[in-house]
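Quick notes on the structure that follows.
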Amino acid sequence: MTKTRSLFLVTVGVLLALGAIANGDRGAVASGSTDRMARLPAVDPACDPDLLPPLRATLCRLARLAEGRRLFDREEFGGNGRTCETCHSGRDGTIDPREVARRLARDPNDELFRHDGLDDFVEGTSRISADATVLVRRELPFGVSLTEDPAASSVVVARGVPSTLNTPALDPALMYDLRDPTLVDQALGAIRGHALNTVPPTRLELELIAEFQKTDRRFFSNRTLRRFARGGDSPRLPAGRTASEKRGREFFVDAPWNPPSKKGLCAFCHSGPMLNESNEFVELPTGAPPGWRAFDVGVSNRNALNHPVVSFDVTDACGTTLTVESPDPGILLTGVYQIPMLAALLPPEATCQLHPAFFANMHKTPQLWGVEHTAPYFHDNSAKTLEDVLEQYNFMFESNMGFPITDGNVELTEQDIEDLVAFMKLL
Ligand code: HEC
Ligand code: HEC
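Residue numbering for the sequence shown is -4 to 422, as defined by the numbering used here.
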């Protein structure tokens, strides 16, 4: 009896100590020489919890998380001093102009103000200060070239930093142009592109970064979502308490297109448990199939931030070339047939029924849980508030893009905007 009890107490002690490390006791991990560390059994993060007995499996999981946290927050891979946390910082997993101003005032040498954070990769902090965007260099896919410079192999666009809330564990569509098929590919791209590493990450390190983002509390906007990621019940639309919140909710209920009724207007594209999938009614208003994950809501077309407009020549599998002008054509830069989750919903590329230029300016439909905390919005950060987002939708509803939803059939009134903002704050 006593023996069992003392074994139990030792176990609890070890778990608490490891828990403290996994929860960010950086000093202990860094020095490795505190009393607490000295008492811990060393667990190799290369361990596999599925192959271990329960207690060792728990220790293994904690060791893997602690290492994932260290890699995300502090590992520089011999690069320019940046870590994942440089840009996906704080409780909101992103940066906004207020945070940028605070960091610039505190320390102009903050790692944020390097390389792609600067106006032209070399100097200047005006763009990041105004809009919290960074420069992203995209290799052009086969069939896409720059009209003005046909030999160019890449183009640079300015994009916001999407929040790491909820997405890593619960959204298989990664990046505004859906280019990365997995979190491991994504992390490798970030280490190369943002941190300019000189030390290559190992496969295990990339997996630990992914695992950390899929597990730690920091990457979820509430407990229901974290439980959902572990196989629990899916989140449900909040009921709303006030009359305004309840009216706002109606826009997110799945319903057929029936203008001038606005019921279901947002759910066409923001449906499913994460509010990021198109629903069964989407075809009539937009022409897209159910489950489609990228749309053009007129953000690039409007170009509110006046980014340089680039001309792209786009050639399909049958040799037909069309020209597209855009500051950031989104999934065109990945190639729609290179995105398996979209290609699966399209007629085969060789049939040339849909020209790839048709997909210009479509960007990933983001999940909306916790959206109140993740401003600025849209791929270019052009909407600084939720009210700005809804103003953009009124622009889109009037934009005559040839689909019923863009042909002036609906308009958000001031009351609608108030109701939608009130409801989205509950997410
Ligand atoms: C310089 C700032 C910066 C750093 C450093 C950075 N990111 Fe990002 N992150 C971005 C930007 C910008 C995007 C979107 C890029 C795009 O779509 O072209 C992004 C996208 C992502 C996404 C996809 C989110 C979504 O909604 O699709 C994940 C996940 C992510 N980053 C994780 C990481 C990890 C892990 C690291 C470290 C290895 C990291 N990031 C380092 C700026 C940064
Ligand atoms: C046709 C499909 C479609 C419809 C309809 C639609 N959305 Fe979106 N939504 C998107 C896409 C795509 C984006 C990302 C656009 C971008 O980055 O350029 C987006 C982005 C957003 C964002 C910004 C989120 C972020 O993290 O940046 C919010 C908020 C939002 N939508 C709310 C709404 C509301 C409210 C409605 C109804 C009035 C609505 N959406 C209707 C497709 C749609």
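Built from N, CA and C at the ideal position, the CB exists for glycine as well. Model, not experiment: these values are computed from the prediction.
On the criterion of 16 or more Cβ atoms from any shown chain inside 10 Å, does T197 qualify as buried, or is it exposed?
Position 202 of the sequence shown holds residue 197. T197 is exposed by the Cβ-count criterion.
Can you name, in chain order, every residue of its own chain whose Cβ lies under 7 Å from the Cβ of A33, other than the five neighbours on each side?
Stepping through the sequence shown from its first residue, residue 33 is reached at position 38. Its pLDDT being 46, under 50, A33 is placed unreliably by the model, and nothing is read from it.
May I ask whether a heavy atom of ligand 1 can be found less than 7 Å away from the beta carbon of M170?
Start at 1 with the first residue of the sequence shown, and residue 170 comes out as number 175. Yes.
If you measure from the CB of P248, is any heavy atom of ligand 1 nearer than 7 Å?
On the sequence shown, position 253 is the one that residue 248 refers to. In the sequence as presented, Pro is not what sits at residue 248; that position holds Val. Because no heavy atom of ligand 1 lies under 7 Å away, the Cβ of V248 does not count as near it: no.
For C42, which residues of its own chain have a beta-carbon under 6 Å away from its beta-carbon, when the five flanking residues on both sides are left out?
Counted from its first residue, the sequence shown places residue 42 at position 47. The answer, listed in chain order, is C55.
Measure the CB-CB distance between K359 and R288 and report whether it falls below 8 Å.
The residue you call residue 359 lines up with position 364 of the sequence shown. The residue you call residue 288 lines up with position 293 of the sequence shown. Cβ distance < 8 Å, so K359 and R288 count as in contact.
For D274, I'd like the list of residues in its chain whose CB is within less than 7 Å of its CB, leaving aside the five on either flank, ordered along the chain.
Counted from its first residue, the sequence shown places residue 274 at position 279. At residue 274 the sequence reads Asn, which differs from the Asp that was named. Result list for N274: D249, A262, F263, S266, P285, in chain order.
Between S306 and P324, how many whole angstroms is the CB-CB distance? I'm expecting something under 8 Å.
What you label residue 306 is simply residue 311 of the sequence shown in a count that begins at 1. What you label residue 324 is simply residue 329 of the sequence shown in a count that begins at 1. Rounded, the Cβ-Cβ distance is 10 Å, inconsistent with contact.
Assuming D308 contacts T316 (C-beta within less than 8 Å), just tell me the rounded distance between them.
Within the sequence shown, the letter at position 313 stands for residue 308. Within the sequence shown, the letter at position 321 stands for residue 316. That belief holds up - the Cβ atoms of D308 and T316 are roughly 5 Å apart, short of 8 Å.
Exposed or buried, what is A100 when buried is set at 16 or more other beta-carbons lying within 10 Å of its beta-carbon?
As a first step, residue 100 must be located in the sequence shown, where it is residue number 105. Looking at its Cβ environment, which holds fewer than 16 other Cβ atoms inside 10 Å, A100 is exposed.
Round the Cβ separation of L220 and N161 to the nearest angstrom and send it over; I've been treating them as touching at under 8 Å.
For this step, residue 220 is matched to residue 225 along the sequence shown. For this step, residue 161 is matched to residue 166 along the sequence shown. Indeed, because the Cβ distance is near 5 Å, the residues count as touching under 8 Å.
Of all the alpha helix (DSSP H) runs that stay within the bounds of the segment 229 to 263, which reach a length of 4 or more residues?
The qualifying runs are 238 to 245.
Can you tell me where the alpha helix (DSSP H) with E62 in it begins and where it stops?
Locating residue 62 in the sequence shown gives position 67, counting from the first residue. Its alpha helix (DSSP H) spans residues 49 to 68.
Starting from H358, follow its DSSP beta bridges and name the residues at the other end.
The residue you call residue 358 lines up with position 363 of the sequence shown. F290.
May I ask you to report which of helix, strand or coil DSSP gives S295?
For the purposes of this step, residue 295 is taken as residue 300 along the sequence shown, with counting starting at 1. In this structure, S295 counts as helix in the three-state DSSP scheme.
Thinking C-alpha only, which one of F354, V38, L66, T408 is nearest F207?
Sequence index remark: in the sequence shown, residue 207 carries index 212 (1-based). The shortest C-alpha separation from F207 is found at L66.
Identify which residue in A125, R109, D115 has its Cα closest to the Cα of E94.
Your numbering for residue 94 matches position 99 in the sequence shown. The candidate whose alpha carbon is nearest that of E94 is A125.
Checking 8 Å against the spacing of the C-beta atoms, do V129 and V151 come in under that value?
As a first step, residue 129 is located in the sequence shown; it is residue number 134 there, counting from the start. As a first step, residue 151 is located in the sequence shown; it is residue number 156 there, counting from the start. No, Cβ-Cβ distance for V129 and V151 is not below 8 Å.
Would you list, in sequence order, the uninterrupted alpha helix (DSSP H) runs of no fewer than 4 residues that lie entirely inside the segment 293 to 335?
With a minimum length of 4 residues, the continuous alpha helix (DSSP H) runs that stay inside the segment 293 to 335 are 294 to 297.
Could you tell me whether the Cβ atoms of E62 and L169 are closer together than 8 Å?
Locating residue 62 in the sequence shown gives position 67, counting from the first residue. Locating residue 169 in the sequence shown gives position 174, counting from the first residue. No. Outside cutoff.
Taking the alpha carbon of D115 as the point to measure from, which residue in D144, A153, R86 has its own alpha carbon closest?
Residue 115 sits at position 120 when you count from the first residue of the sequence shown. Selected option, being the one with the closest Cα: A153.
Would A355 and V319 qualify as a contact pair, given that the criterion is a beta-carbon distance under 8 Å?
Taking the sequence shown and counting its residues from 1, the one referred to as residue 355 is at position 360. Taking the sequence shown and counting its residues from 1, the one referred to as residue 319 is at position 324. Against a cut-off of 8 Å, the Cβ pair of V319 and A355 comes out as a contact.
Along the alpha helix (DSSP H) that carries E278, what are the first and last residues, could you check?
What you label residue 278 is simply residue 283 of the sequence shown in a count that begins at 1. 278 to 281 is the span of the alpha helix (DSSP H), which, as asked, contains E278.
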